[in-house]
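Q: To start, I am sharing the structure in question, which I have written as structure tokens.
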Amino acid sequence: FALPRLGVLLVRFLLPIPEFEEAYEMLARFVGEARLSQFCAKLFLLTFLCQVSLGYLGIAFIRRGQERKNALIYVGDGKVTAGGFSRLVGWYMLTAALPYMAQRTIVENVNSYVSGLITHEMERDMRLGAVFPRDAGGEVGDTLLAAVQGSKHTVESYTDAFNKVVSTCYNIVEHKLFAFPKLVLLPGMLMKQPWLVVAVLPASVALDVGRARLITSLTKRLEGMSRDIQELAQRRRKIEQHDTKNEELIRRGAASDFAEAQWRQLATKIDIRTLKFHALISLRNFVNALYRQDFLMPGIELVLAFLLESKHILSNDIWVYTRVVEDAIDF
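Note that the working numbering gives residue 443 to position 107 of the sequence shown, counting from 1, and the numbers run on in steps of one.
What follows is the structure in structure tokens.
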């Protein structure tokens with residue numbers, strides 16, 4: 337009993353389960369809990385079959401890619417000729433790259449198409465059900481368009497926010513399922529080098545947690561700025577539509593200067609906030625790039641060095657286990 341409970345607690349710690357629950361409750365208010373459960377079951381089954389299969393396929397492809405890279409080093413050492421390497425590259429492209437590209441393209445497109453059908457159906461339920469609610473008899477009652485009219489946003493902006501919640505949750509699950517086959521290799525690596533459990537990996541995880549906290553702080557700031565920009569953009573859109581519709585009244589009332597000043601003031605606010613928004617995005621991307629290049633990858637190379645020394649992995653497995661450690665830290 338204690339082990340399953342520990343596993344549940346671990347999963348809730350590693351994954352944003354509370355956020356998933358909040359998103360599910362919010363979406364269920366618009367779509368309906370029974371219908372949402374059906375959508376989620378179909379989408380999870382499809383994504384599990386596609387992404388886990390592609391994950392295992394990717395492991396074999398990564399090993400072939402590392403074998404090709406090792407052969408290039410052997411050319412410099414004189415162990416392989418340039419002609420032999422060219423034949424190896426041709427064979428790699430024919431038997432590894434092209435099949436992987438074809439298989440991944442087909443499977444990803446099937447996954448994307450079916451998930452798109454489901455998410456668009458959810459969007460239609462939200463867009464129509466929220467604005468044109470039905471009564472107990474299934475008939476359309478009063479509309480809620482008046483609430484939208486008195487809001488700073490349009491139906492489209494509310495729908496975009498709804499779609500963003502759906503896509504964010506789905507992308508997280510999709511990424512974790514794709515990484516699952518590589519994570520299966522982690523226990524064997526830890527059993528071979530148990531000191532990694534109490535040294536390198538926790539240190540890497542702690543460093544990643546620090547980075548994640550900084551990125552989370554920046555992301556929250558960006559989300560607030562994005563909402564402000566969207567509200568201003570929606571306001572500008574409504575003002576432009578209003579002034580366009582009442583062009584004759586503005587012209588007759590000699591209010592062109594007032595209208596122009598309003599447009600200019602709003603455009604200036606949007607421009608300033610947009611520039612700050614993009615500058616903060618650039619800073620976040622810069623932090624992520626430096627962390628990966630100067631901290632994460634050297635730590636992973638340290639782990640791989642000991643695994644190679646202990647003969648737990650071969651040189652062809654370097655790329656695979658690099659991804660294993662990356663996904664373990666990201667998980």
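Glycine included, every Cβ here is placed at the ideal spot set by N, Cα and C. Everything numeric in this text was worked out from a predicted model, so none of it was measured.
Extract the residue ranges of the alpha helix (DSSP H) inside the segment 551–620, only unbroken runs of 4 or more that lie entirely within it.
A: As far as the segment 551–620 is concerned, its whole alpha helix (DSSP H) runs of at least 4 residues are 583–588.
Q: With distances taken Cα to Cα, identify the nearest neighbour of Met633 among Glu662, Leu611, Leu616 and Leu643.
A: Nearest option by C-alpha distance: Glu662.
Q: Sorted by chain position, which residues of the same chain lie with C-beta nearer than 7 Å to Lys378's C-beta, five sequence neighbours on each side aside?
A: Only Ile454 meet the Cβ criterion.
Q: Determine the closest residue to Arg399 out of Glu369, Ala432 and Gly426, with distance taken between C-alpha atoms.
A: Nearest option by C-alpha distance: Ala432.
Q: Nearest CA to the CA of Trp599: which residue from Arg573, Ile608 and Gly452?
A: With distances taken between Cα atoms, Trp599 lies closest to Arg573.
Q: In the structure shown, what three-state DSSP assignment does Lys672 receive?
A: The question about residue 672 has no answer, for the chain in this structure spans 337 to 667.
Q: Can the beta-carbon of Gln387 be found less than 8 Å from the beta-carbon of Glu510?
A: Going by C-beta atoms, Gln387 is nearer than 8 Å to Glu510.
Q: When the distance is taken between beta carbons, is Leu616 closer than 8 Å to Arg557?
A: Yes, Cβ-Cβ distance for Arg557 and Leu616 is below 8 Å.
Q: Tell me which same chain residues have a C-beta within less than 7 Å of the C-beta of Met458, skipping the five on either side of it?
A: Around Met458: Val367, Phe375 and Val502.
Q: Distance, Cα to Cα, Lys605 vs Asn499?
A: Approximately 27 Å, taken between the alpha carbons.
Q: If the criterion is Cβ atoms closer than 8 Å, does the pair Leu513 and Val660 meet it?
A: No. Outside cutoff.
Q: By Cβ distance, which residues of its chain are closer than 6 Å to Lys518, with the 5 residues on each side in sequence left out?
A: Taken in chain order, the residues that qualify are Arg659, Val660 and Asp663.
Q: Can you give me the C-alpha to C-alpha distance between Gln566 and Ala548, rounded to a whole angstrom?
A: If I take the Cα positions, the gap works out to 26 Å.
Q: In angstroms with no decimal places, state the Cα-to-Cα distance between Leu385 and Asp579.
A: Distance between the alpha carbons of Leu385 and Asp579: 53 Å.
Q: Give me, in chain order, the residues of the same chain whose beta-carbon lies closer than 6 Å to that of Thr417; leave out the 5 immediate sequence neighbours on both sides.
A: Here the set comprises nothing.
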